[in-house]
Structures are given as structure tokens and as C-alpha cells.
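Since the structure comes first, as C-alpha cells, the remarks are kept for the end.
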Amino acid sequence: YIGEVAPVRARGTYLVMYQLMLTAGIPAAAVLNEMVKHLRHGWRYSIAAQGVVALVLLVGMCFLPRSPRWLVLQGRRDEALRSLQLVREAEHAAAELKEIEAACEMTTALEVPRWRELFVGFVGRLTALGVALQLLQQTTLMSVQFGLAIGFIQSMGMSRDRLMTVMSVLNFSMTFPSMYLIERFGRRALLVWGSAFMLVSSVALGVLGTLCADHTSTYVWTVKSQAAGRAMLLCVFTFLSSFALTWGPVVWAYCGEIYPLKHRSRCTGISTATNWGMNFALAQLLTVAYTGLGFHIMWVQAAFLVLGLAAVWHLPETRGLSLEDIDARLRARFGASPDAPGRGGKAAACADPAASTDSTPSVGTSQKGAGSP
1 YIGEVAPVRA RGTYLVMYQL MLTAGIPAAA VLNEMVKHLR HGWRYSIAAQ
51 GVVALVLLVG MCFLPRSPRW LVLQGRRDEA LRSLQLVREA EHAAAELKEI
101 EAACEMTTAL EVPRWRELFV GFVGRLTALG VALQLLQQTT LMSVQFGLAI
151 GFIQSMGMSR DRLMTVMSVL NFSMTFPSMY LIERFGRRAL LVWGSAFMLV
201 SSVALGVLGT LCADHTSTYV WTVKSQAAGR AMLLCVFTFL SSFALTWGPV
251 VWAYCGEIYP LKHRSRCTGI STATNWGMNF ALAQLLTVAY TGLGFHIMWV
301 QAAFLVLGLA AVWHLPETRG LSLEDIDARL RARFGASPDA PGRGGKAAAC
351 ADPAASTDST PSVGTSQKGA GSP
């Protein structure tokens, strides 16, 4: 939804807010749990607080304007204009509405998308790209850093709860700069540099942990000196900061830009399900890995980071581009010609069922699937 109403010049910034709010909930929960942990029914208050947030979200959604793009596709032009006027300056709303109307032939865009189309041709390549990025985000194995830090930090005199709070706050605070950096340097640059910094941090932690920490019991390591422990903690914080600045938010933003209008809802659902499915699988596997590998798991993490770095090195950049230009760039990269019959120009942007995309060249709003209000 945010992608649909955001102007092209700040689309990345608004999309990063998704990750920002995810990371905001973690320290908020940590602080709340710290406040009520001594109360007899403290855990009940923590759970009840989630209901309050959900209620605020439910009420707030009642006042959100509908997607202008979706309204145009439904033939509700006047409502689309009113919706645009709520999120744009008055003089820009009418012009953008004309661009939206020119971008698609409504009768074709309203055709029901078929699941098969998500896995063949140009759309299939984009589906694979989104799935790959979400898999690579999870295989950065950020949770490994959390687990190892908890394992050795207690030997340095810091409590587990305090460490978790500090790391949660760091994860949240370091997501803020990405709201600016994503539009200043672009998506690809952030992913490349993030991979590099995380790789260095991972290798450094692996070396330090192997040389300077003894595995005393399950999930517990004792560092040989305070200096070594502080250096290891610095590696963890550097890794976490790099992830929060780059791979954490940017993957979500990128996947919110690349899918064609007609298939955006389903493609986004597939990539998101991949992310959380991999998250669940890794949670089960890493428990065994900690016990068997210890700090040697850093070499596994480093291998995945090298793979991620190689993958994003050739990633097409989307910063500052209208959705029409993004579509053309992706077609050029993945072998689909933007000038092919039924695939070029504004009116034809939605004419091809397997390659439809939004095209709003000057103002530009990222759109979701035709079935998304």
C-alpha cells in the first residue's frame, strides 16, 4: 500500500518504513517486558499490549484513502482523484491521474491473473528474483550473531536481557539512516556495501571466537580476556548495524518496486512467504548448528554472504526511476525487450498478461496487484 501512494522521488524512503516499524516493535517489547517482569501477571500485560496496537491499526486503516491505481482499474475515476488529492498537492493530483489512466488499458488490466503466469517468462524471472533476495536476506544469518553474543556476553558480566535490549535498540536506530541513504546512494550500492561489511565482521568474529573463546557448555562460551570479548562484541554490533542499514530494509523496498501491476499482490505474497518460511526453517536448524559448530558457523555465514554479494553485484538499480523505467531496465536485464509488440509504451504496459507493469513517468507511484484496494 505504501508503495502505491508514495511519489517516485521518495518511494524507497517510504518503503523502508516497513522495516523500521518491524524493528521498532522489538525494543518496545523488550522495554515493556523489563517493566512488567516482576509483576505476577506481567506476561498478560505484555500480550494485552499487542491487542492495543492491533486496535490502533484497525481504527487507523478505516481512515486511509484507497489506492488511486486500484480505483482507476475499477473504473472509479472520481474516487481516484479524491484519493490522490489526499496524498498529493492539488495541482499534481489531476496530472497524475491522467498518467495513471494512460498507463493501462483498463479492460485488459482487469483480466484475472493466473497463477501459472507467475512462474514463466518475464514475470517468472521477477518472481525468482524476489524469492532469491528474500532467501539471501535470511541466509545472512543475523540471528546467529544474536545467539553467539548471548553465549559469550555473560562471561563478561553483562546480563542476557540487557544485551538483547541494547541490540534491539541498535537494530531500530540504525534503520533510520537507510531512509535517507536508499535515495542518496541507491538500492544496489547499499546491498553491496552491506554484504561487504557483514562479511568482514563475520570473518573477524569467527577468528576471534575460535582463538579467544572456550565452549564451556551448550550455548555458552567463556572469553579468555575482556579485550577479546569487547572486540567480539564490536564485530556483532558492526554486523547488526550493517544489516539494519542495508539488507534488512532494502530487500523489502526492492521487492516492492519490481513486480508488474497485474501480478504484484501474488508475487509479493510469494516472496514474503519465502522470507518467513526460511526464517522458521533456520530457527530449527541453527539450534543444532550452534551445538555442533560453535564459532565455526561463521564460515558458513561468510559463504552465504559471499553468495549474496555476488548476486547483488549485478542487480539492476531502481533509484530515481519511474515504474516505466524500472520495467524497461528489468526487461533489458532479463531478456525481455521493452519494444516488443504488446510490451512497450504506456497503453501497452498492462496489455501483456505476463508482463504488465505500472507506468507513471513523472510523478510515479508503485502499485500493487489489481486486486489490492
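Numbered according to UniProt numbering, the sequence shown spans residues 1 to 373.
Heads up, the beta-carbon is just placed ideally off N, CA and C, and yes, glycines get one too.
Given the structure is predicted, the values throughout are model-derived calculations rather than measurements.
Supposed close pair residue i, residue j - CB separation, criterion 8 Å
{"i": "L199", "j": "L190", "result": "Actually they are not in contact, since the Cβ atoms of L199 and L190 sit about 15 Å apart, beyond 8 Å."}
{"i": "V312", "j": "R188", "result": "6 Å"}
{"i": "T165", "j": "E34", "result": "7 Å"}
{"i": "M232", "j": "F152", "result": "6 Å"}
{"i": "T274", "j": "L135", "result": "6 Å"}
Residue i, buried or exposed, once every other Cβ within 10 Å from all chains shown has been counted against 16
{"i": "I47", "result": "exposed"}
{"i": "C62", "result": "exposed"}
{"i": "V16", "result": "buried"}
{"i": "W115", "result": "exposed"}
{"i": "V306", "result": "exposed"}
{"i": "F119", "result": "exposed"}
{"i": "S168", "result": "buried"}
{"i": "Q137", "result": "buried"}
{"i": "W299", "result": "exposed"}
{"i": "E89", "result": "exposed"}
{"i": "A213", "result": "buried"}
{"i": "R331", "result": "buried"}
{"i": "R266", "result": "buried"}
{"i": "M21", "result": "exposed"}
{"i": "I39", "result": "Rather than Ile, the amino acid found at residue 39 in this sequence is Leu. Exposed, since its Cβ has fewer than 16 Cβ neighbours within 10 Å."}
{"i": "S225", "result": "exposed"}
{"i": "Q284", "result": "exposed"}
{"i": "L129", "result": "buried"}
{"i": "residue 404", "result": "One cannot answer for residue 404 here, as it falls past the ends of the chain, which runs 1 to 373."}
{"i": "A281", "result": "exposed"}
{"i": "S322", "result": "buried"}
{"i": "S271", "result": "buried"}
{"i": "Q50", "result": "exposed"}
{"i": "G320", "result": "exposed"}
Top-ranked residue by Cα proximity to residue i, from the options
{"i": "V53", "options": "C255, G25 and Q145", "result": "G25"}
{"i": "V318", "options": "A10, V207 and I2", "result": "Note on residue identity: the sequence assigns Thr, not Val, to residue 318. Considering only alpha carbons, the answer is A10."}
{"i": "R76", "options": "L64, L86, V87 and E101", "result": "E101"}
{"i": "G277", "options": "C212, A310, T139 and R40", "result": "T139"}
{"i": "D327", "options": "G308, G147, G256 and P68", "result": "G256"}
{"i": "R333", "options": "L321, G292, H314 and G269", "result": "H314"}
{"i": "L73", "options": "G60, Y290, L261 and A302", "result": "L261"}
{"i": "L64", "options": "V87, I150 and P7", "result": "V87"}
{"i": "Q301", "options": "P177, D325 and M142", "result": "M142"}
{"i": "L309", "options": "A29, G121, L32 and L133", "result": "L133"}
Identity of the residues DSSP links to residue i by a beta bridge
{"i": "W221", "result": "H215"}
Other residues of its chain near residue i: CB distance less than 6 Å, five sequence neighbours each side excluded
{"i": "F295", "result": "G206, G209 and T210"}
{"i": "Y254", "result": "R187"}
{"i": "H215", "result": "W221 and G294"}
{"i": "F304", "result": "T139"}
{"i": "S242", "result": "G194, F197 and M198"}
{"i": "T23", "result": "N171, F172 and T175"}
{"i": "S201", "result": "C235, T238 and F239"}
{"i": "S337", "result": "Caution applies to S337, whose pLDDT of 48 falls short of 50 and renders its modelled position unreliable; the value that the coordinates give is listed next. Cβ neighbours of S337 beyond the five flanking positions: none."}
Residues of its chain near residue i, where Cβ-Cβ distance is below 8 Å and the 5 sequence neighbours each way are ignored
{"i": "A93", "result": "L81, L84 and Q85"}
{"i": "P373", "result": "Because the pLDDT at P373 is just 47, under 50, the model does not fix this residue reliably, and the point stays unresolved."}
{"i": "L234", "result": "none"}
{"i": "V36", "result": "G42, W43, Y45 and S46"}
Neighbour flag for residue i against chain C, beta carbons, 8 Å
{"i": "F295", "result": "Checking the listed chains, one finds no chain C in this structure; it contains a single protein chain."}
Sequence-distant residues of its chain with Cβ nearer than 7 Å to residue i (five each side left out)
{"i": "P27", "result": "T165, S168, V169 and F172"}
{"i": "Y14", "result": "I2 and A6"}
{"i": "residue 377", "result": "Only positions 1 to 373 of the chain appear in the structure, and residue 377 is not among them; the question remains open."}
{"i": "P316", "result": "R329, L330 and R333"}
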